[in-house]
Ligand code: HEC
Ligand code: HEC
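In this note's numbering, the protein residues as written are 151 to 415.
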């Protein structure tokens with residue numbers, strides 16, 4: 151296999167025999183093909199294995215994802231199988247995760263940030279996230295892959311959430327919750343009340359959470375708005391992550407984990 155890589159002249163045969171010729175021919179010139187070949191050779195991977203690999207996994211291997219992630223277990227970042235499970239039934243999960251990988255993210259899985267990936271194209275992001283979301287747990291003990299939950303006690307009552315309100319081992323809120331506080335009190339408070347306490351203009355969103363409104367539902371209502379009733383549409387103004395932050399802040403207020411005013415950061 152490696153011997154094919156020694157000479158550029160061997161290249162077309164290598165590619166043809168592997169069924170990859172169409173893929174590479176889309177490239178405009180020989181320099182593109184040359185680069186593609188060098189890439190293949192540098193990795194020292196068998197071409198048939200690459201051909202069989204889903205496009206999203208190819209993107210992950212060509213980028214730096216595997217320096218922090220593995221499919222089945224936590225490294226610096228969460229196991230990809232855990233990401234797939236956590237977002238399995240969330241509408242709009244793909245957009246949320248594309249945004250996280252593109253711009254970087256922190257706070258969902260702990261306090262280590264994932265750096266942004268400005269170099270990935272929209273198509274590469276789409277492919278890599280589709281692949282991550284397609285990963286199903288292998289036959290492992292289910293406990294190893296259940297989505298993480300966070301347990302708090304407030305006034306003797308147990309509260310379990312699927313996101314952290316505080317940085318591990320502290321009383322300081324996560325950057326996401328703090329951002330939610332800032333956004334809420336900049337954009338939502340004038341109708342929904344300062345610190346999410348409700349007002350005569352619009353419902354108390356803590357009550358909405360108590361009534362069972364999920365993050366996905368709140369995001370959807372906030373994105374679409376209810377214009378006839380005076381609730382503006384925020385799509386295009388807020389990213390899904392901004393709305394996630396607002397939801398986490400409101401939920402923190404709902405369960406008395408976050409008080410009024412500036413939460414400790
Ligand atoms: C330097 C380490 C690092 C690299 C490189 C990295 N990640 Fe991450 N990733 C993390 C950490 C840490 C988190 C958890 C962030 C959080 O808690 O919100 C994470 C979270 C994620 C999530 C879940 C995001 C969420 O909102 O829950 C996805 C999906 C993901 N990474 C995919 C990727 C992909 C795809 C790549 C490569 C293009 C990549 N990561 C590269 C460290 C990394
Ligand atoms: C200009 C006033 C106004 C602003 C600003 C506003 N809302 Fe609303 N919102 C409303 C009104 C009025 C309703 C009630 C609509 C109805 O009766 O269906 C509402 C309803 C909602 C609901 C549905 C609640 C439920 O239980 O059905 C959500 C969720 C919501 N708003 C989120 C937000 C978020 C998040 C923000 C800030 C990004 C925001 N709103 C900003 C006026 C506003």
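For every residue, glycine included, the Cβ atom is placed at its ideal position computed from N, Cα and C.
(request) Note the first and the last residue of the continuous alpha helix (DSSP H) segment covering residue 324. (result) No alpha helix (DSSP H) contains residue 324, which DSSP labels as neither H nor E.
(request) Report yes if the C-beta distance between residue 390 and residue 281 is below 7 Å; otherwise report no. (result) no
(message) I'd like to know whether the C-beta atoms of residue 303 and residue 356 end up nearer to each other than 7 Å.
(response) no
(request) Please classify residue 311: does DSSP put it in a helix, a strand, or coil? (result) strand
(request) Please list, in chain order, all residues of the same chain as residue 323 whose beta carbon is under 8 Å from its beta carbon, the five residues on each side excluded. (result) 315, 316, 317, 331, 402, 408, 413, 414, 415
(request) Label residue 216 either buried or exposed according to how many other C-beta atoms from any shown protein chain fall within 10 Å of its C-beta, with 16 as the threshold for buried. (result) exposed
(message) Rounded to the nearest angstrom, what separates residue 350 and residue 307 at their Cα positions?
(response) 30 Å
(message) Between the alpha carbons of residue 345 and residue 338, how many angstroms are there, rounded?
(response) 9 Å
(message) Starting from residue 399, trace the alpha helix (DSSP H) in both directions and tell me its first and last residue.
(response) 390–404
(message) So, at 6 Å on beta carbons, what are the nonlocal neighbours of residue 277 in its own chain, with the 5 sequence-adjacent residues on each side left out?
(response) 205, 206, 209
(message) Is the separation between the beta-carbon of residue 219 and that of residue 230 shorter than 7 Å?
(response) yes
(message) How far does the alpha helix (DSSP H) with residue 364 in it extend, from its first residue to its last?
(response) It is not in any alpha helix (DSSP H) - residue 364 carries neither H nor E in the DSSP assignment.
(message) Starting from residue 421, trace the beta strand (DSSP E) in both directions and tell me its first and last residue.
(response) Residue 421 is absent from the structure shown; the chain starts at 151 and stops at 415.
(message) Let me check you understand the geometry: is the CB of residue 432 closer than 6 Å to at least one non-hydrogen atom of ligand 1?
(response) The question about residue 432 has no answer here: the residues shown for the chain are numbered 151 through 415.
(request) Counting only runs of 4+ residues fully inside the segment 199–279, write out the alpha helix (DSSP H) ranges in chain order. (result) 205–212, 230–236, 243–253
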